Structure formats: structure tokens, C-alpha cells
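S.K.: Following this message is one structure expressed as C-alpha cells.
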Ligand code: DAH
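Numbering (this note's numbering), first residue to last: 1 to 339.
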């Protein structure tokens, strides 16, 4: 009997040692210690053992059972620990690894310049307003003193939608919208998209942006226009920037001018950037035409004002020394990332 128990124990331990999975261990437990297990069978055979030997044999069976159980438990714990360790290893996070790149957006150079222009004018007490991109002939042309036979109204230059509607060719119509509100004085800038029937090339696009400006109050003179735009140029291009006004013609201003700034590259000496002249053209401006004031319900004998308009892309190209406007619209991330 004793030998039989020894044999069972040895076999059980061997099987436990060779087992490699938790279910396997369970099978071993059942096959030795379960109701129909080998050790249980030995207990059942006790009735054939002599009465005086029974306590001794019973003790032996119990010891064997406990030994097998202890090894089973120990092996089970070991296996469970190994499983947990493997799991922890596979789920481990290496905090020293570089983080995954999170690509958040980036301001477009046009936006950077627009916000800079807005900041400068807000600092001078201006309001930033917006006008509609789809306009009527009245706001885009007529109310700006542009007569019906003006060449700008040709289909070659303007995208007409139908009847009276068109895509605005300039932001100047926002002047009219603001004046019609009937609230004076006005100090506003109006950035926005404009459209012209142009072929795409290095300096043209059928869609681009302008920033319009308008001031209406009592006693506004050309001196206010010059002082304001000179200060603006200094803030945008640097404090040594000089400005120069050349006479020009716009239907909605009288007198009208174009403003040049001293080349911020060479300081005015003349370089490749300013094509040797020392000056760079930046915007159109003038004193609001009395006809425009009258059409918008403002008495030109009581109020006067000045207006200006600049191409946003033009300023962006100059400021960042970009030589092809198409780069601003292609949205190539490698290009945009530089600003
Ligand atoms: N709207 C003009 C253009 O598209 C620019 C301009 C010139 C706007 C003079 C003005 C201005 O407000 O006074 O060329």
C-alpha cells in the first residue's frame, strides 16, 4: 500500500512538473484528487486493510494528498505569476519613447498678416466688419460712383451670377453697407474675399483678399488720411518706414492716391526687391467722394471721410518675400509650415 502511494505521488508530481498550462493542472488535480481520482480509489480500498493498519495508512493517504495539493498550489501560483508578468511586459508603456506627433493646425500667412493689420487698426479705435461676397451691382459699382459703362463692369473682369447679382470685385461695397446703417462716426476696416475673372499666374488669382478701410466724421481731412496710413505703415513694416502718396484715380474718392512705402528691404536705397526704385506700392486711398456720401444718406457738407483698400496677398508676399502668389493657395504643408 505504501509503495502504491509513493508511486501515485511520484507520478502526480512528474505530471505537475511537465504541465505547462493552468487547465492542465486542473486536469491533474481531478485525476488524482477528484471523486474518481486515483488517491480516492486508494481510500475506497481501505476496507481491505487490516483494522490496526487503517489509521497509519489513512495518515499516509492524507499526507500524500497534502503533498500533491501543496505542489499543485505552488505550481499554480507560479504559472499565474508568469502569465501576469507576460501580460505586464506586453502592455508596458515606455515613457521615454518620443510621443506620437499631434498635428495641430497652423495659421496661413495671409491670416497672420490679416490679424496683424486688424491689430494695428483696432489699436487706433477701428472696428472690424464684414460684407457679403455675393453682391448686387448697386453695392459693388453704382453706389461707389462707378457708372454703368465703366470697363470694370465688363464680363471679362467680373463674375456675374444672374441679373443683378455678382461676386464682389472689391471690398469697397462694405463702405456703403456701413454708411447705410446711419451710425456716425465710422471707423472701420473690412477684410474679405473678392473675385475677378483673371487667369491664374504668379501675381493673379480669380479669388483673393482685400482689406478695406473707412473713416467718416466731421472735419476729416487728407491730413488724417496721411497720418493714419503713415502710422499703419510704420507699425506693419517697421518704424523707419516712409510713405509717399502719388495722385491716382478711383471713382469713389476725390482726390485719390496710391500710397508707396519705402522699401523695407533696402531702406529706400533701391534693390532687386523694389526694382531699384526704393519704393513699394501698397494701397489705394482717397477722400470719400461727395456723390458716394450723398447716395448713402450722409450730408457731404457736414461730414467728410477717407477710405483705403489694399490687397492682402500683396502685403503677405512682400512681408514674407514670397515670389509666387500661387503658393498661398496650393496649401502645400511644407510651404505653409515655414511661417
Ligand atoms: N477698391 C479698390 C481696388 O480694388 C481699392 C481702393 C482704392 C479702395 C481706393 C479704396 C480706395 O477704399 O479709397 O482697386
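Just so you know, even glycine gets a beta-carbon here, dropped at the ideal spot from N, CA and C. In this text the structure is predicted, and so the values were computed from the model without any measurement.
Quick one, which of 6, 42, 68, 1 has its alpha-carbon nearest residue 26's?
M.R.: Comparing Cα positions, the closest option is 68.
S.K.: Kindly give me the distance between the Cβ atoms of residue 315 and residue 113, rounded to whole angstroms, as I take these residues to be in contact under 8 Å.
M.R.: The pair is a contact, with the Cβ atoms about 5 Å apart (cut-off 8 Å).
S.K.: Runs of 4 residues minimum, wholly inside the segment 106-136: which ones carry the alpha helix (DSSP H) assignment?
M.R.: With a minimum length of 4 residues, the continuous alpha helix (DSSP H) runs that stay inside the segment 106-136 are 109-123.
S.K.: Can you grab the Cα-Cα spacing for the pair residue 43 / residue 72, in whole Å?
M.R.: Going by the C-alpha atoms only, they are around 20 Å apart.
S.K.: For the alpha helix (DSSP H) holding residue 287, just list the boundary residues, first then last.
M.R.: Here residue 287 belongs to no alpha helix (DSSP H); instead the beta strand (DSSP E) covers 279-288.
S.K.: Could you pull the start and end residues of the beta strand (DSSP E) that residue 198 belongs to?
M.R.: That residue, residue 198, is in no beta strand (DSSP E); it is neither H nor E in DSSP.
S.K.: For the ligand DAH, any of its heavy atoms closer than 7 Å to the Cβ of residue 210?
M.R.: Indeed, a heavy atom of the ligand DAH lies less than 7 Å from the Cβ.
S.K.: Mapping DSSP to helix, strand and coil, what is residue 217?
M.R.: Three-state result, residue 217: strand.
S.K.: State the beta-bridge partners of residue 259 as determined by DSSP.
M.R.: Answer by DSSP bridge pairing, in chain order: 245, 283.
S.K.: Counting only the same chain and skipping the five closest in sequence on each side, list residues whose C-beta sits under 8 Å from that of residue 15.
M.R.: So the list reads 28, once near-sequence residues are dropped.
S.K.: Quick one: does the C-beta of residue 284 sit closer than 7 Å to a heavy atom of the ligand DAH?
M.R.: Correct: residue 284 has its Cβ closer than 7 Å to the ligand DAH.
S.K.: Near residue 257, what residues of its chain come up, given a Cβ to Cβ distance below 7 Å and the 5 sequence neighbours on each side ignored?
M.R.: Answer for residue 257: 245, 246, 247, 248, 285, 286, listed in chain order.
S.K.: How about residue 206 and residue 195: are their beta carbons less than 8 Å apart?
M.R.: Yes, these two residues count as a Cβ contact at 8 Å.
S.K.: With a threshold of 8 Å, are at least 3 pairs of Cβ atoms found where one atom belongs to the segment 120-131 and the other to the segment 170-179?
M.R.: Because the criterion of three Cβ pairs below 8 Å is met, the segment 120-131 and the segment 170-179 touch.
S.K.: Among residues of its own chain, excluding the 5 on either side of residue 300, which ones have a beta-carbon nearer than 7 Å to its beta-carbon?
M.R.: Within the same chain, residue 300 has close Cβ partners 290, 293, 294.
S.K.: Please classify residue 338 as buried or exposed, where buried requires at least 16 neighbouring CB atoms within 10 angstroms.
M.R.: So residue 338 counts as exposed.
S.K.: Check each candidate in 229, 214, 103, 210 and name the one with the smallest Cα separation from residue 187.
M.R.: For residue 187, the nearest C-alpha among the options comes from 214.
S.K.: Beta-carbon within less than 6 Å of residue 305's beta-carbon, same chain only, minus the 5 sequence neighbours each way: which residues are those?
M.R.: The answer, listed in chain order, is 215, 216, 220, 288.
S.K.: Quick one: complete alpha helix (DSSP H) runs, 4+ long, within the segment 19-100?
M.R.: List check, alpha helix (DSSP H) in window: 22-33, 38-44, 54-90.
S.K.: Cβ of residue 228 within 7 Å of any heavy atom in the ligand DAH?
M.R.: Incorrect: residue 228 has no Cβ contact closer than 7 Å to the ligand DAH.
S.K.: Return the CA-CA distance between residue 111 and residue 268, expressed in angstroms with no decimal places.
M.R.: Using only the alpha carbons, I get a separation of about 27 Å.
S.K.: Please tell me whether, using a cut-off of 7 Å, the distance from the CB of residue 256 to the nearest non-hydrogen atom of the ligand DAH is below it.
M.R.: Residue 256: yes, Cβ under 7 Å from the ligand DAH.
S.K.: Assuming contact is defined by CB atoms lying nearer than 8 Å, are residue 264 and residue 238 in contact in what I supplied?
M.R.: Contact: yes.
S.K.: Under 8 Å, do residue 168 and residue 145 count as touching if we go by C-beta distance?
M.R.: No, they are not a contact pair.
S.K.: Based on DSSP bridge pairs, tell me the residues matched to residue 210.
M.R.: DSSP output for residue 210 lists 192, 311 as bridge partner(s).
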